[in-house]
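Quick notes on the structure that follows.
There are 2 protein chains.
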Amino acid sequence: MPLSELTPDELTDLHARLTKDYDDLVARGLKLDLTRGKPASAQLDLSNELLTLPGEGEFRAADGTDCRNYGGLTGLPEIREIFAELLNVPVAQLLAGDNSSLSIMHDTLVWCLLKGPVGGSPWAGSPVKFICPVPGYDRHFALCEQYGIEMIPVPLGDHGPDLDAVRDLLADPSVKGMWVVPTYANPTGAVYDEAVARELVGMTAAAPDFRIFWDNAYAVHHLTDAESPALDVLGMAAEAGNPDRVFVFASTSKITFAGAGVSFFGGSPATIAWYQQHQSKRSIGPDKVNHLRHVRYLKDADGVRALMARHRALIAPKFAQVDAILTERLGGYDTATWTHPIGGYFISLDVADGTASRVVALAKAAGIAMTGAGAAFPYGKDPRDRNIRIAPTFPSPDDVAGAIEGLTTCVLLAATEQALAALPAPAAG
Amino acid sequence: MPLSELTPDELTDLHARLTKDYDDLVARGLKLDLTRGKPASAQLDLSNELLTLPGEGEFRAADGTDCRNYGGLTGLPEIREIFAELLNVPVAQLLAGDNSSLSIMHDTLVWCLLKGPVGGSPWAGSPVKFICPVPGYDRHFALCEQYGIEMIPVPLGDHGPDLDAVRDLLADPSVKGMWVVPTYANPTGAVYDEAVARELVGMTAAAPDFRIFWDNAYAVHHLTDAESPALDVLGMAAEAGNPDRVFVFASTSKITFAGAGVSFFGGSPATIAWYQQHQSKRSIGPDKVNHLRHVRYLKDADGVRALMARHRALIAPKFAQVDAILTERLGGYDTATWTHPIGGYFISLDVADGTASRVVALAKAAGIAMTGAGAAFPYGKDPRDRNIRIAPTFPSPDDVAGAIEGLTTCVLLAATEQALAALPAPAAG
Chain A
31 MPLSELTPDE LTDLHARLTK DYDDLVARGL KLDLTRGKPA SAQLDLSNEL
81 LTLPGEGEFR AADGTDCRNY GGLTGLPEIR EIFAELLNVP VAQLLAGDNS
131 SLSIMHDTLV WCLLKGPVGG SPWAGSPVKF ICPVPGYDRH FALCEQYGIE
181 MIPVPLGDHG PDLDAVRDLL ADPSVKGMWV VPTYANPTGA VYDEAVAREL
231 VGMTAAAPDF RIFWDNAYAV HHLTDAESPA LDVLGMAAEA GNPDRVFVFA
281 STSKITFAGA GVSFFGGSPA TIAWYQQHQS KRSIGPDKVN HLRHVRYLKD
331 ADGVRALMAR HRALIAPKFA QVDAILTERL GGYDTATWTH PIGGYFISLD
381 VADGTASRVV ALAKAAGIAM TGAGAAFPYG KDPRDRNIRI APTFPSPDDV
431 AGAIEGLTTC VLLAATEQAL AALPAPAAG
Chain B
31 MPLSELTPDE LTDLHARLTK DYDDLVARGL KLDLTRGKPA SAQLDLSNEL
81 LTLPGEGEFR AADGTDCRNY GGLTGLPEIR EIFAELLNVP VAQLLAGDNS
131 SLSIMHDTLV WCLLKGPVGG SPWAGSPVKF ICPVPGYDRH FALCEQYGIE
181 MIPVPLGDHG PDLDAVRDLL ADPSVKGMWV VPTYANPTGA VYDEAVAREL
231 VGMTAAAPDF RIFWDNAYAV HHLTDAESPA LDVLGMAAEA GNPDRVFVFA
281 STSKITFAGA GVSFFGGSPA TIAWYQQHQS KRSIGPDKVN HLRHVRYLKD
331 ADGVRALMAR HRALIAPKFA QVDAILTERL GGYDTATWTH PIGGYFISLD
381 VADGTASRVV ALAKAAGIAM TGAGAAFPYG KDPRDRNIRI APTFPSPDDV
431 AGAIEGLTTC VLLAATEQAL AALPAPAAG
């Protein structure tokens with residue numbers, strides 16, 4: 031029964047019931063946190079072998095390199111080989127770094143600003159704009175905001191962004207970049223398909239140094255048997271005559287240890303040379319012992335796949351639980367929609383327009399911490415104030431259930447508040 | 031017998047003998063490398079416990095933090111405590127990072143350029159100059175060159191740079207920075223004394239956002255019992271009314287594993303807040319498992335001191351050997367001088383003016399790789415072409431001896447070549 035079909039009296043009754051539900055919720059004194067896409071302890075436990083690796087007397091790479099000493103800017107060849115296969119990037123075009131791919135995105139952006147990308151001059155000093163499919167990843171947007179890059183939102187569908195909108199924007203030579211999370215996008219779970227990818231790498235861009243920041247953070251993070259393989263985006267870009275257009279990023283943060291994994295950077299041969307030239311000024315080399323540790327633990331691409339299956343076994347039930355509760359509690363009301371991701375770390379919930387901030391505030395007052403409303407939009411501004419990101423991986427299954435049940439109460443309460451406020455004022459008595 | 035006192039015939043004889051020595055040297059087909067300040071295998075072996083740490087099931091910090099997961103921008107408190115004591119920096123003003131302090135220097139410089147330091151506007155877009163005590167560290171200079179920062183050399187003495195020269199330069203508002211390696215400076219071994227440090231932090235600077243990049247890379251790297259303790263440079267700067275003037279850098283690269291250690295950044299409370307604001311855009315946190323690994327291994331500041339004593343036992347003999355060979359082979363000629371460091375990683379050798387490039391080329395042709403002549407000067411240009419950096423730690427004692435013996439032949443050969451060329455031309459026959 032959609033809220034819009036309720037009579038004023040029915041709406042008033044529903045509001046009263048929800049207010050009581052909400053008061054009961056607050057009285058429970060919950061302390062639940064669904065804010066960040068963090069792995070749960072049980073997921074981290076899967077990789078506890080890393081805590082004693084590479085092992086006694088083990089410090090030599092396959093080529094004899096002493097991993098303990100300085101050097102090796104590319105990262106260990108054997109860890110690059112494993113992820114070259116998984117990311118569908120030639121190993122010569124994939125570098126391994128320290129624990130954070132966000133850091134590589136930052137540095138790449140900074141070098142574009144101060145030095146200019148391959149074939150371009152420094153971006154700093156002139157207006158720079160980035161295309162931002164929305165909803166998207168708040169940390170991408172924070173990087174742009176930090177460096178004064180104007181963000182232009184473009185709607186993201188199930189298989190990629192609105193390509194006509196992207197095409198129009200690329201006519202502006204100050205549009206220098208675009209954020210893409212191609213696989214199981216944060217937060218909607220969208221999967222860019224091959225046709226979309228080919229369009230993006232092939233489109234005419236007024237800026238010859240236009241770059242796609244291709245953050246394949248969830249490349250192997252499947253939640254179902256319908257596994258979306260990584261696209262050969264660098265090959266497509268080369269075929270399209272724009273070999274340098276794409277920067278590829280990835281990491282093991284949500285594969286092994288979130289804070290102590292290995293990051294990766296991929297690009298055209300020219301981009302890899304460019305990156306190394308700049309990186310060589312910044313560092314004498316990444317932590318190769320951590321690379322070796324990961325090689326000894328993961329062994330090969332199949333080792334990663336087997337590990338991801340164990341992650342899936344732990345987190346897919348949490349996603350199913352969220353979906354079941356949302357369906358049960360919200361399904362009857364036509365007031366909210368949500369995504370049904372087949373991979374990644376998030377569910378994107380759209381509540382009644384204009385109520386997301388209220389929902390998050392209500393939840394917070396009831397001890398349920400959600401990512402701030404609007405976080406998935408540039409400048410934190412959701413123009414329809416309707417989107418809420420749900421990150422179900424970190425809490426226990428019981429906590430996820432408790433939080434989502436509580437959240438649905440908040441969603442309905444905010445919607446009925448809004449519907450009541452929209453009723454015509456009663457005739458004067 | 032100084033070369034200048036030799037008769038032309040004696041000089042010709044000496045040159046002939048040295049040429050023969052050099053030919054013998056080339057014939058030996060050496061392959062020795064004294065280029066970089068890298069720890070030897072035996073030094074890295076001292077810390078092999080790290081290869082199995084933090085240990086089975088060990089991932090909790092003292093405060094209960096799960097080091098495997100995201101977060102913790104400051105770095106683990108317990109590793110900060112250990113190095114706060116050793117670096118003489120309050121723990122609240124010391125952050126722990128990933129494996130490279132050079133990276134922290136890079137990022138700090140980049141944020142000054144793009145965002146401006148505390149109390150300053152962005153440096154990029156206007157001329158920026160840095161004071162560079164010489165000889166100095168080539169990677170510092172490479173950072174400046176990379177970002178178009180003009181470097182102004184100032185002579186470095188045994189206890190710090192020429193302060194009058196520094197004072198004069200600070201009258202220029204475009205002088206925004208200065209590199210300092212305060213303890214056992216690379217490559218001379220100079221130790222900045224307290225009076226010099228007080229002058230540097232207190233001097234009037236035309237640029238209110240002038241910054242000293244205080245790279246205390248060798249704070250605990252003593253070679254004798256005359257240990258130079260780290261100065262409380264942040265306290266001195268605060269007392270002098272310039273609390274934000276100093277950025278402190280350090281790492282365990284030459285304490286534990288050169289490529290897999292922990293880096294540190296120190297500054298005023300305002301600087302630490304500034305750094306964290308910027309770093310929070312770049313990363314969700316450093317590798318805390320590596321911090322925990324180091325805490326379990328090093329235990330406390332005394333653990334570091336004990337480890338450094340074992341390093342000293344391995345490398346002090348190499349330094350003594352270099353000094354002995356230089357004394358034996360060059361002592362009689364008045365053509366070269368060298369430093370007698372009481373800590374750090376280098377010996378700085380000054381050969382006859384105008385011959386350093388020739389010496390390095392001769393050595394290279396004989397299979398002895400030395401750091402390029404001029405490397406210790408901005409833009410790689412030693413105005414007197416006389417300075418050569420000797421890095422004796424990495425090769426075996428036999429290799430160090432072989433390399434330095436060979437080097438002395440090159441030093442004398444180049445000097446006699448020069449002296450012969452300077453003789454008046456013989457009267458026409």
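Chains as they are written, first to last, in this note's numbering: chain A, 31 to 459; chain B, 31 to 459. A virtual CB, placed ideally from N, CA and C, is assigned to each residue, including glycine.
Would you mind reading off the limits of the beta strand (DSSP E) that contains residue i?
i, result
"ASP245/B", "241 to 245"
"ILE398/A", "398 to 400"
"LYS159/A", "159 to 164"
"GLU180/A", "180 to 187"
"ASP63/A", "62 to 64"
"LYS50/A", "Element bounds for LYS50/A: not the beta strand (DSSP E) but the alpha helix (DSSP H), 38 to 57."
If you draw a straight line from the C-alpha of residue i to the C-alpha of residue j, how long is it?
i, j, result
"ASN52/A", "ALA249/A", "Just to set this straight, residue 52/A is Tyr in the shown sequence, not Asn. Going by the C-alpha atoms only, they are around 39 Å apart."
"TRP209/A", "PHE279/A", "11 Å"
"SER204/A", "ALA227/B", "47 Å"
"ASN320/B", "LYS311/B", "21 Å"
"ASP168/B", "MET135/A", "27 Å"
"PRO38/B", "VAL381/B", "21 Å"
"LEU173/A", "CYS440/B", "53 Å"
"THR446/A", "THR357/A", "18 Å"
"GLY459/A", "LEU443/A", "For GLY459/A, the predicted model reports a pLDDT of 49, less than 50, meaning its position is unreliable and no value from the coordinates is stated."
"LEU41/A", "TYR363/A", "12 Å"
"VAL148/A", "THR301/A", "6 Å"
"ILE109/B", "HIS324/B", "7 Å"
"ASN129/B", "GLY127/A", "11 Å"
Of all the options the options, which has the alpha carbon lying nearest to the alpha carbon of residue i?
i, options, result
"LEU103/A", "GLN307/A, ARG414/A, ALA445/A and GLN351/A", "GLN307/A"
"ALA201/A", "HIS136/A, ILE161/A and ASP380/A", "ILE161/A"
"ARG66/A", "ARG359/A, GLY362/A, ALA405/A and MET181/A", "ALA405/A"
"TRP244/A", "PRO217/A, ARG388/A, PRO32/A and HIS170/A", "HIS170/A"
"ALA303/B", "ARG58/B, GLU115/B and LEU125/B", "LEU125/B"
"PRO217/A", "LEU230/A, LEU437/A, LEU453/A and ASN417/A", "ASN417/A"
"VAL184/A", "VAL196/A, LEU173/A, GLN176/A and ALA247/A", "VAL196/A"
"THR213/A", "GLY207/A, LYS206/A and ASP223/A", "ASP223/A"
"PRO163/A", "SER151/A, GLN176/A, MET181/A and PRO157/A", "MET181/A"
"GLY178/A", "LEU193/A, SER387/A, GLY155/A and ALA290/A", "GLY155/A"
Can you round the beta-carbon distance between residue i and residue j to whole angstroms, since I take them to be within the 8 Å contact cut?
i, j, result
"ALA433/A", "LEU64/A", "5 Å"
"ALA91/A", "LEU106/A", "5 Å"
"SER77/A", "TYR375/A", "Not quite, the Cβ-Cβ distance comes to about 17 Å (not below 8 Å), so this is no contact."
"ALA215/A", "PRO69/A", "Not really, about 18 Å apart at Cβ, beyond 8 Å."
"ARG419/B", "SER378/B", "6 Å"
Taking C-beta pairs closer than 8 Å, name the residues in chain B that residue i reaches, listed in chain order.
i, result
"VAL292/A", "Ordered by position in chain B, no residue passes the 8 Å Cβ test against VAL292/A, which lies about 10 Å from the chain."
"ASN417/A", "Within chain B, no residue comes near ASN417/A; the closest Cβ sits about 22 Å away, beyond 8 Å."
"LEU143/A", "LEU144"
"ALA154/A", "LEU144, ALA154 and GLY155"
Residues of chain B with a CB under 7 Å from the CB of residue i: which are they?
i, result
"LEU450/A", "By Cβ distance, chain B contributes nothing, its closest Cβ being about 41 Å from LEU450/A, past 7 Å."
"PHE89/A", "LEU81"
"ARG98/A", "LEU74, PHE287, ALA288, GLY289 and ALA290"
"ALA280/A", "What ALA280/A touches in chain B: nothing, since even the nearest Cβ is about 15 Å away."
"SER71/A", "ASP96"
"LEU173/A", "LYS311"
"GLN176/A", "LYS311"
So with CB distances below 8 Å, who are the chain A contacts of residue i?
i, result
"VAL158/B", "None at all; the shortest Cβ gap to chain A is about 12 Å."
"THR401/B", "Correct list: empty, because the minimum Cβ distance to chain A is about 14 Å."
"SER133/B", "ARG312 and SER313"
"ARG256/B", "Checking the displayed sequence, the identity of residue 256/B turns out to be Ala instead of Arg. Per Cβ cutoff of 8 Å: no residues; ALA256/B is ~28 Å from chain A at best."
"GLY85/B", "LEU81 and THR82"
At what residues does the alpha helix (DSSP H) containing residue i begin and finish?
i, result
"ASN320/B", "318 to 328"
"ASP198/B", "193 to 199"
"LYS394/A", "386 to 395"
Looking at residue i and the ligand NAP, is the gap between the Cβ and the nearest heavy atom below 6 Å?
i, result
"VAL278/B", "With respect to the ligand NAP, the structure offers nothing, as it holds no ligand at all."
Selection of the region 308 to 342 of chain A by Cβ proximity to chain D, strictly under 8 Å | No chain D is present in this structure, whose protein chains are A and B.
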